[in-house]
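In my numbering, the protein residues as written are 56 to 553.
Idealized CB from N, CA, C, for every residue including glycine.
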Amino acid sequence: MFEKSLQDLVKGIRTNKRDPATFISSAIAECKQELRSVDPYTKAQAVRKLTYLQMMGYDVSWASFAIVETMSQARFAHKRIGYLAACQCFSETTDVVLLATNLLKKEFQSTSQYEVGLAVNCLANIVTRDLARDLLQDSVMLMSHSKPYVRKKAVSAMFKLFVKYPQGLRLTFDKLKDRLADGEPAVTSCAVNVVCELANKNPNNYLAMAPQFFRLLTTSSNNWMLIKVVKLMGALVPREPRLARKLLEPLATIIQNTAAKSLQYECIHTLTLALPYTKKADGTESRNVPGVVRLCGDHLRQFIDDPDQNLKYLGLVGFVELMKSHPRAVVEHRELVLLCLSDDDVTIRTRALELLTGMVTRKNLEELVVKLLARVGDAEGTYRDELVSRIVDMCSRDKYGYLSDFVWYLGVLVKLARLRGARHGALLAEQLVDIAMRVKPVRAYAARDMVCLLLDERLEVGQGLESVADVLAAAAWIAGEYAGALLDADDDDDDDDD
Numbered sequence: 056m057f058e059k060s061l062q063d064l065v066k067g068i069r070t071n072k073r074d075p076a077t078f079i080s081s082a083i084a085e086c087k088q089e090l091r092s093v094d095p096y097t098k099a100q101a102v103r104k105l106t107y108l109q110m111m112g113y114d115v116s117w118a119s120f121a122i123v124e125t126m127s128q129a130r131f132a133h134k135r136i137g138y139l140a141a142c143q144c145f146s147e148t149t150d151v152v153l154l155a156t157n158l159l160k161k162e163f164q165s166t167s168q169y170e171v172g173l174a175v176n177c178l179a180n181i182v183t184r185d186l187a188r189d190l191l192q193d194s195v196m197l198m199s200h201s202k203p204y205v206r207k208k209a210v211s212a213m214f215k216l217f218v219k220y221p222q223g224l225r226l227t228f229d230k231l232k233d234r235l236a237d238g239e240p241a242v243t244s245c246a247v248n249v250v251c252e253l254a255n256k257n258p259n260n261y262l263a264m265a266p267q268f269f270r271l272l273t274t275s276s277n278n279w280m281l282i283k284v285v286k287l288m289g290a291l292v293p294r295e296p297r298l299a300r301k302l303l304e305p306l307a308t309i310i311q312n313t314a315a316k317s318l319q320y321e322c323i324h325t326l327t328l329a330l331p332y333t334k335k336a337d338g339t340e341s342r343n344v345p346g347v348v349r350l351c352g353d354h355l356r357q358f359i360d361d362p363d364q365n366l367k368y369l370g371l372v373g374f375v376e377l378m379k380s381h382p383r384a385v386v387e388h389r390e391l392v393l394l395c396l397s398d399d400d401v402t403i404r405t406r407a408l409e410l411l412t413g414m415v416t417r418k419n420l421e422e423l424v425v426k427l428l429a430r431v432g433d434a435e436g437t438y439r440d441e442l443v444s445r446i447v448d449m450c451s452r453d454k455y456g457y458l459s460d461f462v463w464y465l466g467v468l469v470k471l472a473r474l475r476g477a478r479h480g481a482l483l484a485e486q487l488v489d490i491a492m493r494v495k496p497v498r499a500y501a502a503r504d505m506v507c508l509l510l511d512e513r514l515e516v517g518q519g520l521e522s523v524a525d526v527l528a529a530a531a532w533i534a535g536e537y538a539g540a541l542l543d544a545d546d547d548d549d550d551d552d553d
């Protein structure tokens with residue numbers, strides 16, 4: 056009657072926080088004494104305290120047999136303590152796990168749904184390959200239990216059994232598939248979760264179930280289940296392109312009708328995955344594609360306008376995906392994306408920069424680069440390096456296919472070379488040499504510009520200009536290699552003066 060309770064143990068540890076080892080050692084010794092008791096309550100309380108100590112990092116594997124004994128107690132309050140301890144303390148190397156096989160089989164037959172649920176939950180946490188093999192059929196039978204509480208727990212536990220015993224998937228998958236048509240929404244939701252987790256490993260195995268998931272997509276009102284179904288459909292689209300056109304209308308309807316931002320975003324994300332596959336056999340687009348693209352663009356814009364930084368980030372990610380199939384629809388929101396470059400969150404700025412890089416055309420290249428150059432001076436750290444890298448990437452893409460004025464680009468490179476703290480000296484040097492070699496008409500201008508760069512006393516290596524050494528080396532090579540072009544240009548100027 057004088058045993059310490061869990062509350063006493065916690066208070067004692069807090070009281071002896073400077074040196075709890077002595078107190079905990081005495082507490083463990085007391086627990087060992089209590090485990091020898093024939094009183095079920097005393098033994099259960101000892102297991103309860105040991106579970107707490109295990110959560111603090113102490114090894115209690117020596118009490119595994121006592122935990123199994125507590126699991127087998129008749130009283131539910133004691134049984135629950137034992138099952139919690141097993142979930143917390145047992146592992147695949149625990150020898151007494153095999154002793155739990157018959158105990159769990161017996162619990163599965165209990166008339167109390169809560170005792171059955173307790174056993175199923177414990178199985179999901181301590182399952183080993185042997186346990187999964189021996190209890191697979193018992194678990195399958197529980198999926199048809201009369202109580203929805205038991206069915207949903209049994210369905211959820213099947214995933215853990217399949218992970219440990221993959222052969223069981225082929226043997227029992229049809230029974231799991233039947234639960235997708237269960238009359239209880241909670242059971243259906245659990246079945247969807249299990250199938251979605253399985254499909255993440257190999258979506259091809261679940262293509263035949265697309266009609267069932269499409270029915271759930273159009274009939275269910277459970278947002279969390281719909282999110283899982285929508286994600287699964289997105290994974291199936293690349294493997295079954297015909298599914299893309301069928302998804303447009305139901306997903307668009309959900310986007311328009313739901314107020315849940317999480318579900319809205321998942322539908323938009325899946326639509327962006329489906330849009331590249333919506334063309335018909337004759338090459339024409341489905342008639343509702345323009346409306347769907349406009350709907351996605353409008354809602355993604357709302358995400359970016361939202362003060363919630365997480366939604367703003369998701370809006371930018373959505374535009375990146377949408378750009379892969381419909382870049383023109385994203386270019387319309389260019390000014391909004393440019394505003395994101397002033398955001399305090401560097402992840403949002405980086406995403407906006409990635410998006411702007413994809414918006415480049417021959418017409419707007421110079422305008423975008425000028426706006427990015429205006430921000431380079433104030434940028435710091437890795438974000439500044441990312442800005443420089445993106446500017447070079449935009450101008451040199453497709454072998455300078457978007458660039459119409461190479462003299463202007465040389466000026467941009469020289470400006471970037473003068474930045475303090477930049478780490479792209481090798482990249483800028485490579486660009487300067489490449490342009491001078493490729494574009495003959497600008498060689499004279501390049502040579503003259505490089506001479507000015509070499510004579511600039513402010514560009515001394517050091518003081519934040521470590522990377523300028525690469526640029527100066529390239530400048531020296533260009534000035535020496537094309538000195539003749541420089542002299543020719545000077546002669547032409549003298550002739551003009553005459």
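Three-state class that DSSP yields for residue i in the structure shown
| i | result |
| --- | --- |
| residue 194 | helix |
| residue 460 | coil |
| residue 508 | helix |
| residue 357 | helix |
| residue 553 | Interpretation of residue 553 is limited by its pLDDT of 47, a score under 50 that renders its predicted location unreliable; no figure is taken from the coordinates. |
| residue 145 | coil |
| residue 340 | coil |
| residue 166 | coil |
| residue 311 | helix |
| residue 472 | helix |
| residue 74 | coil |
| residue 205 | helix |
| residue 451 | helix |
| residue 535 | helix |
| residue 69 | helix |
| residue 199 | coil |
| residue 434 | coil |
| residue 388 | coil |
Under 9 Å between C-beta atoms of residue i and residue j
| i | j | result |
| --- | --- | --- |
| residue 59 | residue 82 | yes |
| residue 467 | residue 450 | yes |
| residue 452 | residue 442 | no |
| residue 205 | residue 164 | no |
| residue 171 | residue 216 | no |
| residue 129 | residue 99 | no |
| residue 457 | residue 498 | no |
| residue 285 | residue 322 | yes |
| residue 212 | residue 176 | yes |
| residue 540 | residue 481 | no |
| residue 309 | residue 287 | no |
| residue 316 | residue 358 | yes |
| residue 381 | residue 356 | no |
| residue 506 | residue 530 | yes |
| residue 331 | residue 379 | yes |
| residue 253 | residue 214 | yes |
| residue 234 | residue 210 | yes |
| residue 127 | residue 144 | no |
| residue 186 | residue 140 | no |
| residue 326 | residue 306 | yes |
| residue 134 | residue 173 | yes |
Residue i classed as buried or exposed, judged by whether at least 16 other C-beta atoms fall within 10 angstroms
| i | result |
| --- | --- |
| residue 311 | exposed |
| residue 368 | buried |
| residue 454 | exposed |
| residue 226 | exposed |
| residue 261 | buried |
| residue 162 | buried |
| residue 80 | exposed |
| residue 101 | buried |
| residue 550 | Because the pLDDT of residue 550 is 49, which lies under 50, any placement of that residue in the model is unreliable, and the question is left without a value. |
| residue 69 | exposed |
| residue 148 | exposed |
| residue 352 | buried |
| residue 436 | exposed |
| residue 72 | exposed |
| residue 137 | buried |
| residue 445 | buried |
Near the ligand FAD: residue i beta-carbon under 8 Å from a heavy atom
| i | result |
| --- | --- |
| residue 288 | Although the ligand FAD was asked about, the structure shown includes no ligands whatsoever. |
is_contact[residue i, chain D] using C-beta, thresh 9 Å
| i | result |
| --- | --- |
| residue 296 | Although the question refers to chain D, the structure presented lacks it and comprises just one protein chain. |
Inter-residue CB distance, residue i and residue j (contact presumed, cutoff 8 Å)
| i | j | result |
| --- | --- | --- |
| residue 490 | residue 471 | The Cβ separation is near 13 Å, so there is no contact. |
| residue 303 | residue 329 | 7 Å |
| residue 410 | residue 371 | 6 Å |
| residue 258 | residue 290 | 4 Å |
| residue 244 | residue 300 | About 27 Å; that fails the 8 Å criterion. |
| residue 554 | residue 61 | For the chain, the structure presents residues 56 to 553; residue 554 sits outside this window and is missing. |
My parser needs the alpha helix (DSSP H) runs of 4 or more residues fully inside the region 109-153; what are they?
119-126, 131-144
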